[in-house]
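Shown next, in structure tokens, is the structure this report addresses.
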Amino acid sequence: MVDVKIFRIEGEIRKPGYQSTFTKEFRATNEKDVVEKVYSVLGGGEKVKRFQVIITQIKEIDPNEATDPVVRALSGV
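Residue numbering for the sequence shown is 43 to 119, as defined by this note's numbering.
Written out as structure tokens, the structure is:
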């Protein structure tokens, strides 16, 4: 059985004329999958290209530390 972990990702979006920081929480099996999920969510919703996303930190967290209600519910917290 695959062990699913919770990750908190922090980073920046740098587009011409627009800069922003973000913090996202996702469930995944490893860091590589989390990075792809971040690119997918930001690319689909914000229309941000991969080179415009700068990930500054990826940290595995405890389910009780999660602030996203969907992640908490899926983790059984």
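Note that the Cβ used here is the ideal one computed from N, Cα and C, for glycine as well.
- Pairing K47 with T65 gives a Cβ-Cβ distance that is not under 8 Å.
- For Q94, DSSP records no beta bridge to any residue.
- I51 sits close to I100, with the two beta carbons spaced by under 8 Å.
- Within the same chain, and ignoring the five residues on either side of S117 in sequence, the residues whose Cβ sits closer than 6 Å to its Cβ are P105.
- DSSP lists I55 as the beta-bridge partner residues of S62.
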